[in-house]
Amino acid sequence: MWINEILQKNKPILALSPMADMTDSPFCQIVRQIGGADIVFREMVSAEAVVRDNAKTLGMTDFVEAERPIVQQIFGSDPLTMARAAAIIMEHANPEGIDINMGCPVYKITNNFNGCALMKDPERAASIIREIRSAIGTVPISVKIRLGWSDPDDFKKFIPIIEKAGANLITMHGRTKAQGYSGNSDWNRIAEAKKIVQVPLLANGDIHDPHQVNQALDITKADGVLIARGALGNPWFFKETNAINSITNARNESVSMGERIRVVLDHARLHVAHYGERGIVTFRKHVAWYFKTSKIGFEVPGIKEIRMQLVRVNSLHELEEILKTIKY
Ligand SMILES: Cc1cc2nc3c(=O)[nH]c(=O)nc-3n(C[C@H](O)[C@H](O)[C@H](O)COP(=O)(O)O)c2cc1C
92 MWINEILQKN KPILALSPMA DMTDSPFCQI VRQIGGADIV FREMVSAEAV VRDNAKTLGM
152 TDFVEAERPI VQQIFGSDPL TMARAAAIIM EHANPEGIDI NMGCPVYKIT NNFNGCALMK
212 DPERAASIIR EIRSAIGTVP ISVKIRLGWS DPDDFKKFIP IIEKAGANLI TMHGRTKAQG
272 YSGNSDWNRI AEAKKIVQVP LLANGDIHDP HQVNQALDIT KADGVLIARG ALGNPWFFKE
332 TNAINSITNA RNESVSMGER IRVVLDHARL HVAHYGERGI VTFRKHVAWY FKTSKIGFEV
392 PGIKEIRMQL VRVNSLHELE EILKTIKY
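Quick look at the structure:
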């Protein structure tokens with residue numbers, strides 16, 4: 092199973108966190124091309140939609156071989172529907188694992204008892220895991236959770252229940268649902284979770300820079316980290332983290348502008364090939380991340396104006412032309 096294979100490498104697990112509309116096939120391919128991530132989690136898909144045979148949703152679980160090892164995340168609240176969806180995805184795409192979203196705080200998800208709402212109903216959460224287990228056999232099941240719904244200690248009761256039900260790995264964002272994205276991810280509470288958890292645990296939340304990975308691991312003692320926003324506009328995150336940790340190559344330099352532009356264009360081409368010509372419109376959100384000053388890491392003359400043009404880009408050709416105007 093992918094979890095044991097990675098743990099045998101005797102290094103912390105570096106994982107790309109699932110992000111809706113972001114960790115799709117083109118972005119995961121880019122992360123893989125650059126290298127360094129041990130596992131990539133694909134964006135959540137609705138179990139209901141998969142079971143209803145919604146072609147678009149099932150298509151979201153497609154991937155190319157180069158993206159492996161890959162885990163597909165699903166969300167839902169009905170145990171049998173979740174199990175059926177997991178089985179359909181295994182048959183259709185055959186990823187290395189299935190991840191269950193028990194952390195999403197967004198109203199339209201929790202409203203239907205999906206996502207983090209499951210932390211309020213541990214028995215339902217356990218039943219979902221048990222049903223998925225009986226539907227997909229030994230395929231690893233991971234569960235993504237928060238500290239809790241409103242109580243930041245909910246995880247203490249929740250973790251033993253989902254482990255007993257059959258979770259093979261837990262990934263934990265150190266905020267409650269009530270917090271949303273406010274405050275900080277509480278790495279100290281993730282450390283408390285690590286003390287009680289039996290299965291491997293990945294720490295998540297506010298690890299925005301490769302230099303913070305060791306700090307998060309020192310505090311949490313987790314088996315690895317799950318990186319979300321830190322990897323947006325920075326698919327080099329994982330490679331850089333490995334470079335920091337390797338004694339022979341301890342330097343961590345900013346990615347050059349030439350390399351950034353090359354990767355943005357590669358990514359844009361994959362995106363357009365995947366979604367069609369109009370796909371460039373949904374690529375704008377990636378461009379915005381790639382050209383944030385905090386992601387670039389150094390001053391670039393005129394970047395503010397160029398960024399304004401980039402986030403309105405209407406074609407691949409136009410993107411190429413705007414990028415040519417960047418002076419470096
Ligand atoms: C744009 C975006 C989309 C997200 N979509 C998902 C999702 O589909 N499933 C999920 O479990 N978490 C999702 N998350 C939460 C992230 O995986 C992660 O837990 C959170 O952003 C905290 O990690 P970070 O500080 O590294 O960003 C999303 C976050 C962002 C920013």
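Numbering (this note's numbering), first residue to last: 92 to 419.
All C-beta atoms, glycine included, are put in the ideal place defined by N, C-alpha and C.
None of these values were measured; they are calculated from a predicted model.
Asked, Found
"Is residue 119 near ligand 1, with its Cβ less than 7 Å from a heavy atom?", "no"
"Among residues of its own chain, excluding the 5 on either side of residue 413, which ones have a beta-carbon nearer than 8 Å to its beta-carbon?", "397, 400, 401 and 404"
"Between which two residues does the beta strand (DSSP E) holding residue 263 run?", "260-267"
"Within the continuous beta strand (DSSP E) that includes residue 368, where are the two ends?", "Per DSSP, residue 368 belongs to no beta strand (DSSP E) and is neither H nor E."
"Write down the C-beta distance between residue 166 and residue 119 rounded to the nearest angstrom, noting that I regard them as a contact closer than 8 Å.", "The Cβ separation is near 18 Å, so there is no contact."
"Can you determine whether any heavy atom of ligand 2 sits closer than 7 Å to the C-beta of residue 297, and answer yes or no?", "In the structure shown, ligand 2 is absent; the only ligands present are ligand 1."
"What is the DSSP secondary structure of residue 76, reduced to helix, strand or coil?", "With the chain covering 92 to 419 only, the question about residue 76 has no answer from this structure."
"So if DSSP puts residue 235 in a beta bridge, which residue, or which two residues, is it bridged to?", "192 and 262"
"Given 7 Å as the limit, tell me if residue 111 has its C-beta closer than that to any heavy atom belonging to ligand 1.", "yes"
"Taking 8 Å as the threshold, find out whether the stretch 214-222 comes into contact with the stretch 245-263 through three or more Cβ pairs.", "yes"
"When burial is assigned at 16 or more other CB atoms within 10 Å of the CB, is residue 163 buried or exposed?", "buried"
"Given that a residue counts as buried once 16 or more other Cβ atoms are within 10 Å of its Cβ, and exposed if not, what is residue 392?", "exposed"
"Within its chain, find whatever has a CB closer than 6 Å to the CB of residue 249; leave out the 5 residues flanking it on each side and keep chain order.", "210 and 213"
"According to the Cβ coordinates, are residue 126 and residue 332 closer than 8 Å?", "no"
"Measuring alpha carbon to alpha carbon, tell me which residue in 156, 234 and 141 is nearest residue 191.", "234"
"DSSP three-state call for residue 176: helix, strand or coil?", "helix"
"Go to residue 305, then tell me how far its alpha helix (DSSP H) extends in each direction, as first and last residue.", "302-311"
"Would you call residue 133 buried or exposed, if buried means 16 or more other Cβ atoms sit within 10 Å of its Cβ?", "buried"
"When you compare only the Cα positions, how much space is there between residue 95 and residue 122?", "22 Å"
"Using three-state DSSP, classify residue 209 as helix, strand or coil.", "helix"
"Heavy atom of ligand 1 less than 7 Å from the Cβ of residue 207, yes or no?", "no"
"Is it the case that the Cβ atoms of residue 238 and residue 201 are separated by a distance below 8 Å?", "no"
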